[in-house]
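*Asks:* Before I ask anything, let me first share the structure, which is written out below as structure tokens.
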Ligand SMILES: [Zn+2]
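In this note's numbering, the protein residues as written are 1 to 230.
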């Protein structure tokens with residue numbers, strides 16, 4: 001038998017309850033954090049938190065998930081994880097986290113679009129053309145499923161504003177946009193204002209120079225695009 005004054009205490013907020021069932025049903029902010037530990041955005045957030053503590057704050061021990069729940073940085077890191085998931089970011093988040101730490105970007109800014117896009121512009125310059133082309137082909141396949149069109153019609157049916165968004169977030173890579181016939185047809189539909197926007201999203205002189213230097217890759221992919229009538 002339980003003593004009358006026995007209390008059940010929530011491990012997260014220390015609130016006490018007369019009945020165990022009431023405590024089990026009770027919800028508080030920290031318990032909610034604990035229950036969200038398998039969500040994708042929270043997993044990225046926890047990874048980033050632990051990495052940030054060891055690299056930026058130089059803490060020796062690995063942070064437990066419970067420590068993350070208790071941290072005042074929870075919200076900022078989860079916003080970062082959510083940003084990454086919601087925007088289908090194309091880079092590896094592990095690399096991006098290290099970049100953010102390296103440049104001492106305040107954690108509150110980790111979910112800012114302009115910072116991610118700055119990183120992305122560097123990232124796409126070092127990824128292999130294979131990675132860039134594969135990503136773009138996958139994008140075209142997704143587009144085909146979502147719109148019910150043949151994926152080879154991608155460049156002809158895609159609206160220019162939509163294309164600009166895809167270029168801005170580097171889902172549509174310069175490797176495909178500039179080297180395929182379809183990409184060239186799409187570019188012909190750009191107004192002067194849209195061309196200006198394109199230049200602000202993509203470092204065009206850089207890519208043209210890169211294509212001159214990496215002739216073998218350019219030949220290989222142009223033949224591939226031709227084969228698939230892209
Ligand atoms: Zn509680």
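Just so you know, even glycine gets a beta-carbon here, dropped at the ideal spot from N, CA and C.
Bear in mind that the values here come from a model prediction, so they are computed numbers and not experimental data.
#1: Am I right that residue 157 and residue 225 are in contact with their C-beta atoms under 8 Å? What's the rounded C-beta distance?
#2: If the criterion is Cβ atoms closer than 7 Å, does the pair residue 135 and residue 229 meet it?
#3: Under a criterion of Cβ closer than 7 Å to any non-hydrogen atom of ligand 1, which residues qualify, in chain order?
#4: So the alpha helix (DSSP H) residue 25 belongs to, where does it begin and stop?
#5: Determine whether the beta carbon atoms of residue 43 and residue 53 lie at a separation below 7 Å.
#6: Less than 6 Å between C-beta atoms, sequence neighbours within five positions excluded: which residues of the same chain meet that for residue 164?
#7: Just checking my contact of residue 79 with residue 111 at CB under 8 Å: how many whole Å lie between their CB atoms?
#8: From 16, 169, 122 and 129, pick the residue whose C-alpha is nearest to that of residue 215; which is it?
#9: Threshold first: 4 residues or longer. Then list the alpha helix (DSSP H) segments lying entirely within the segment 155 to 205, N to C.
#10: My output table needs one value for residue 16: the three-state DSSP class, helix, strand or coil.
#11: Using a 10 Å radius around the Cβ and a threshold of 16 neighbouring Cβ atoms, would you call residue 191 buried or exposed?
#12: Should residue 256 go down as buried or exposed, given a rule of 16 or more other Cβ atoms within 10 Å for buried?
*Replies:* If we stick to the structure as given:
#1: The C-beta distance from residue 157 to residue 225 rounds to 17 Å, too long to meet the 8 Å contact threshold.
#2: No, these two residues do not count as a Cβ contact at 7 Å.
#3: This selection yields 10, 12, 13, 15, 26, 28, 30 and 31.
#4: 20 to 25
#5: no
#6: 197
#7: 4 Å
#8: Nearest of 16, 169, 122 and 129 to residue 215, Cα basis: 129.
#9: 160 to 168, 174 to 179, 181 to 188 and 192 to 201
#10: strand
#11: exposed
#12: Coverage of the chain is limited to positions 1 through 230, which leaves residue 256 absent and any answer about it impossible.
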